[in-house]
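Quick notes on the structure that follows.
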Amino acid sequence: MKSNLMIRWTILLSFLGQTFAIEKKPNVLIILADDVGTEDVVGYWGNNIVDMPNLQKLQDKGVTFMDAHSSPKCAPSRYMLLSGNYHHRGTKVYGSWGFEDKQSQFRKRQRSIAHMLQSIGYKTGMLGKWHIGAGVPGEYNGRNMLSCCNLNWTKPVTGGPNDLGFDESFFSMQGLREPYAFFEDGYLTTKEEDIVFYEKGSTWETANQNGLSMVDKNCDGDRNWDSSQYDMDLVIKAEDFIERHTASEDPFFLYLALGMVHEPHSPPIKYHDGTPIAGTYATSHLDKLWEMDKIIGSIVTKLEETNEIQNTIIIFTSDNGGLRMGYRNKFLRSAKGSLYEGGHRVPFVMRYDGVIPAGEKRDSHYISLADVYATLSEMIGFNIPSQSAQDSFSFASYAKSERNTSGLRRYLPEWDFINIPKKGHILSGDSIRMGDFKYIRKLRDKNGNLLQKPRESLYNLKGDIQEKSNLLRNVFINKRYEEMKKKMKTQLRRLGQCPYDKDNTMNFELRGGLREGETVNCDWFRTKRRKRCNFQIVGELYCNSLCGRFRDQCSAYDRTEL
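The sequence shown lines up with residues -21 to -1, 1 to 541 when you count with mature numbering (1 follows the signal peptide of the UniProt record, and there is no 0).
Shown next, in the form of structure tokens:
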């Protein structure tokens, strides 16, 4: 009798052990490329120039999203990805970029994907290009970022990865751009005696003679800075991170933000395994794309070697459309920095073995980098905090089947801006997608001058993916298109940043516990009588029902946090 009871307990404990093993949360790996458009890679519009067997394998094992979108520019996209918010919900309306912003784009009450995964037991790591702002330990100087003004590098930067949920980090502020140095867990890795000043256009042979290093702006940096080895250094760090954390029972989240293929293009002569890189293709730009594919292969191979591939959600995507130089967007209109499709339609591949299908494409609906937050929340099981992921809509079900379109985003807004000397960033135009139709409004010329009348266009992307036929140009405009334009402009108002008018303070009906003296960043406030607002509350506030994905809330912050 005791023997039978012991056997039953053994079977039960064995079953429970298997259950717990199955229920272990998946690892998460996000590989974010830089300035890589859909025409730069396989699987989209027929790129047959650069061989990409590793990205092709990732597509064969997962789902390729044909209609995925970023911001037209890089820094806002990175904040969108990690926060699930449009960039104007952060500390700077048009995004935070480098040390010049003196802070992170994240507000104090906002929580990143890393924060949330860390809170449920994940080991989190960030490698590569940060580019969403941080503060230096001292006074900022754009020319001498590392050596000026009593900087105290025994202290870490503020607002870096380790302040936003990452246990470990090894990053540069702006990728291959200034300052030319790495930071580890927030601390500058360069010794004081190794800080040098680089002149714009400087090039030199690398210490290991495996390439040509270069810089394209005047600034401080590490005397051992090597742009040709930038991404291969990240690969070594990534492989080490995976190796160390697979030995743990805790799942991991690795955010690998590559420097490629942002300028300057300085490919290594050869890859770690001896494969030739520089000179393989007609341009250094294409060589960097070839190196990128090798990196994808190295990371996936490490997951296979550590037996983690079956339990890892892998996402590969880019921060904006492709470059205007060399081989670029030829099928889509325009490139990086544009409101046309070539500026923000990006490659997006997701692999999660046994959960989403292999070798399928999704092209019936659009997704945004902002949607990654809510998608991981649904797939992994963590709650979304109140002031994060307000613009994030899960595509977890859509990834499993193209028929599952409920819950996907209805609108896809985009904003572009121009940087005017002494004035900063100014909104230059915006656009919005609703179904197959896309409305674009250009507000300023290339010099930042306000146009007397906005230049408007409306396209049906279903039959005009290249955005050649402006439906508003016809003298006999279809009444349906006029109504559609009005509706789209209304949505842009609601989804965009609140208009700021410091000389025209207004009162609003209070909702959501906001107090006089607090400040607000919300989609669009309005009552029947008033259609403008500003950030400073002097009376009461009304926030309309379309304020983010949470229909009953808007974002309020202390005045000191702006």
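Note that the Cβ used here is the ideal one computed from N, Cα and C, for glycine as well. None of these values were measured; they are calculated from a predicted model.
Supposed close pair residue i, residue j - CB separation, criterion 8 Å
i           : j           : result
residue 106 : residue 226 : About 19 Å separates the two Cβ atoms, so there is no contact after all.
residue 456 : residue 265 : Going by Cβ atoms, the distance from residue 456 to residue 265 rounds to 43 Å, so no, they are not a contact pair.
residue 83  : residue 138 : 3 Å
residue 334 : residue 48  : Residue 334 to residue 48, Cβ: 23 Å. No contact.
residue 467 : residue 413 : 6 Å
residue 11  : residue 373 : Between residue 373 and residue 11 the Cβ distance is about 20 Å, and since that is not below 8 Å, they are no contact.
residue 162 : residue 119 : Not confirmed; about 15 Å, so no contact.
residue 422 : residue 408 : 5 Å
residue 207 : residue 181 : Contact flag wrong, Cβ pair sits at about 13 Å.
residue 327 : residue 44  : 4 Å
residue 216 : residue 250 : Between residue 250 and residue 216 the Cβ distance is about 16 Å, and since that is not below 8 Å, they are no contact.
residue 189 : residue 248 : 5 Å
Same chain only: Cβ atoms within 7 Å of residue i, ignoring 5 sequence neighbours per side
i           : result
residue 510 : Because residue 510 carries a pLDDT of 38, less than 50, the predicted location of this residue cannot be relied on, and the following value inherits that uncertainty. Excluding sequence neighbours, residue 510 sits near nothing in its chain.
residue 383 : 376, 377
residue 508 : Residue placement at residue 508 is poorly supported in this model, since its pLDDT is 35, which falls under 50; the coordinates are not used for a value here.
residue 71  : 80, 84
residue 275 : 10, 33, 34, 37, 295
residue 121 : 79
residue 358 : 292, 375
Neighbourhood of residue i by C-beta distance below 8 Å, restricted to the same chain and skipping five residues each side
i           : result
residue 279 : 33, 36, 37, 288, 293
residue 425 : 397
residue 440 : 320, 412, 415, 416, 417, 446
residue 1   : Confidence is the limiting factor: at residue 1 the pLDDT is only 49, short of 50, which leaves the residue's position unreliable and the question unanswerable from this model.
residue 58  : 64, 66, 69, 74, 75, 84, 85, 111
N-terminal and C-terminal residue of the alpha helix (DSSP H) that residue i is part of
i           : result
residue 95  : 92 to 98
residue 340 : Here residue 340 belongs to no alpha helix (DSSP H); instead the beta strand (DSSP E) covers 339 to 341.
residue 448 : No alpha helix (DSSP H) contains residue 448, which DSSP labels as neither H nor E.
residue 355 : 351 to 355
residue 11  : First-last for residue 11: 6 to 12, but that is the beta strand (DSSP E), not the alpha helix (DSSP H).
residue 39  : 32 to 39
residue 57  : 53 to 62
residue 624 : In the structure as shown, the chain begins at -21 and stops at 541. Residue 624 is therefore absent and cannot be evaluated.
residue 348 : It is not in any alpha helix (DSSP H) - residue 348 carries neither H nor E in the DSSP assignment.
residue 79  : First-last for residue 79: undefined, no H or E at that position.
residue 84  : Unbroken run through residue 84: none, as it is neither H nor E.
residue 469 : 458 to 474
Host beta strand (DSSP E) of residue i (start-end)
i           : result
residue 176 : 174 to 177
residue 422 : 416 to 423
residue 433 : 429 to 439
residue 43  : 42 to 44
residue 565 : Past the boundaries of the shown model lies residue 565; the chain is included only from -21 to 541, so the question cannot be answered.
Same chain, Cβ closer than 6 Å to residue i, five either side skipped, listed in chain order
i           : result
residue 450 : 437, 460
residue 483 : The predicted model places residue 483 with a pLDDT of 33, which falls under 50 and marks its position as unreliable, so this point remains unresolved.
residue 40  : 330, 337
residue 229 : 100, 102
residue 218 : 281
residue 61  : 91, 92
residue 153 : 77, 110
residue 537 : Note on residue 537: pLDDT 27, under 50, position unreliable in the model; the coordinate value appears next. Same-chain partners within the cutoff: there are none.
residue 158 : 124, 125, 198, 199, 200
residue 164 : 141, 148
residue 303 : 314
residue 419 : 318, 410, 436
residue 213 : 106, 107
residue 406 : 396
residue 97  : 103, 144
residue 277 : 214
Residue i Cβ short of 7 Å to the ligand COA heavy atom set
i           : result
residue 230 : With respect to small molecules bound, the structure shown includes none, and the ligand COA cannot be examined in it.
Item checked: Whole runs of the alpha helix (DSSP H) within the segment 260 to 323, excluding any shorter than 4 residues -> 263 to 284, 320 to 323
Next item on the list: Mind listing, in chain order, the continuous beta strand (DSSP E) runs of no fewer than 3 residues lying wholly within the segment 86 to 147?
Entry: 102 to 108
Next item on the list: Mind the definition here: the segment 46 to 55 touches the segment 393 to 401 only if three or more C-beta pairs lie below 8 Å; say whether that holds.
Entry: yes
Item checked: Start-end ranges of the alpha helix (DSSP H) lying completely within the segment 154 to 242, minimum 4 residues -> 209 to 225
Notebook entry, point to check: Per the contact definition of three or more C-beta pairs closer than 8 Å, is the segment 362 to 369 in contact with the segment 16 to 26?
Noted result: no
Check: Residue ranges of each alpha helix (DSSP H) run of no fewer than 4 residues wholly in the segment 366 to 426, ordered along the chain?
Finding: 375 to 379
Notebook entry, point to check: Any chance the segment 236 to 246 sits against the segment 259 to 278, with 3 or more Cβ pairs inside 8 Å?
Noted result: yes
Next item on the list: Count the CB pairs spanning the segment 120 to 130 and the segment 250 to 260 that are closer than 8 Å, and state whether there are at least three.
Entry: no
Notebook entry, point to check: Should the segment 186 to 205 be called in touch with the segment 165 to 178, which here means at least 3 C-beta pairs below 8 Å?
Noted result: Touching, yes.
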